[in-house]
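Enquirer:
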Amino acid sequence: MKELKNLKKILIAEDEENLAMLIDYNLIKEGYKTHIVSNGDLVSSAVNDFLPDLVLLDWMLPNISGIEVCRKLRGNINNNNTSIVMLTALGEEADKIKGLEAGADDYITKPFSFAELIARIEAVLRRSRLLKGENIITLGDISINRDEYRVLRGGHPISLGPTEFKILNTLIEHPNMVFTREKILDNVWGIDNINVEIRTVDVHIGRLRKALNVRNKKDPIRTIRAVGYSIEKVS
């Protein structure tokens, strides 16, 4: 078994026992610490107890569906730092977008190879890592603390997933600068963007906008038609 990868922990939420055990075996072999739950009712408490870096979340969980669990996790600001990868037998683009809109950072369609699964997990975990140091950025009434992985708007905490946080960080470092979708892909997904669709950027921007829209605040993200996005100082 490989050395534990910086003690990275993965919660496996999968009700197919054989598949869950195979995933568990392969992740442990890669050096991850794991925990398995088999229905949607158990995910939130397992996240609170196990404190995973990433949740592998089956869409079709019993009791509470994976998509509802995903929304619930993203609605809790304490889970901002937890990445979510959906496992789904639904391969249609609309289903994938629905998963992203619910708060997932990525998705993988069944059946999949374990090499692909490991690659996806490592890509998502790479995107969630932030530089340490003097990392507080403020623009208007929006403040990002990159050490604590927290966002405030007008003093109110904003719940963002890792990908939305990275997009906001990218935009806010260069106010009023227009980023093409391709540039956002390069900055946020890096070398992992080869299989990421441009449409995915729009989905995550939509989630970021929704999260920042607290107390009827003005939308700070500007859409430049057929080009991309920028952020401006508003209050």
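Each number in the numbering used here comes from the position in the sequence shown (counting from 1) with 588 added on.
By construction, the Cβ of each residue, glycine as well, lies at the ideal position given by its N, Cα and C atoms.
1) So, is the C-beta of residue 742 closer than 8 Å to a C-beta in chain B?
2) Indicate whether the contact test is met: 3 or more Cβ pairs, each with one atom in the region 756 to 769 and one in the region 810 to 820, closer than 8 Å.
3) Entirely within the region 635 to 718 and at least 4 residues each: give me those alpha helix (DSSP H) ranges in chain order.
4) Determine the direct distance from the alpha carbon of residue 760 to that of residue 727, and round the result to whole angstroms.
5) Could you give the first and the last residue of the continuous alpha helix (DSSP H) run that contains residue 610?
6) Less than 6 Å between C-beta atoms, sequence neighbours within five positions excluded: which residues of the same chain meet that for residue 753?
7) Could you check the C-alpha separation between residue 720 and residue 700 for me, to the nearest Å?
8) Taking all protein chains shown into account, do 16 or more other C-beta atoms lie within 10 angstroms of the C-beta of residue 743, making it buried, or fewer, making it exposed?
9) Below 8 Å, can you find three or more Cβ-Cβ pairs linking the region 687 to 697 to the region 745 to 752?
10) Assuming contact is defined by CB atoms lying nearer than 8 Å, are residue 673 and residue 649 in contact in what I supplied?
11) Which residue marks the beginning of the beta strand (DSSP E) containing residue 775, and which one marks its end?
12) Taking DSSP as the reference, what is the three-state secondary structure of residue 597?
13) Whose C-alpha, out of 671, 670, 687, 668, is nearest the C-alpha of residue 677?
Expert: Result, derived from the coordinates:
1) Absent from the structure is chain B; it holds one protein chain and no more.
2) The region 756 to 769 makes contact with the region 810 to 820, as at least three CB pairs between them are under 8 Å.
3) Whole alpha helix (DSSP H) segments, 4+ residues: 654 to 662, 681 to 690, 702 to 716.
4) 7 Å
5) Residues 605 to 617.
6) none
7) Caution is warranted here: a pLDDT of 37 is assigned to residue 720, below 50, making its placement in the model unreliable, and the coordinate value is therefore given only provisionally. Take the alpha-carbon of residue 720 and the one of residue 700: they are about 35 Å apart.
8) Label assigned to residue 743: exposed.
9) yes
10) No, the pair does not count as a contact, with Cβ atoms beyond the cut-off.
11) It is not in any beta strand (DSSP E) - residue 775 instead sits in the alpha helix (DSSP H) that spans 769 to 777.
12) Three-state DSSP puts residue 597 in a strand.
13) Nearest option by C-alpha distance: 687.
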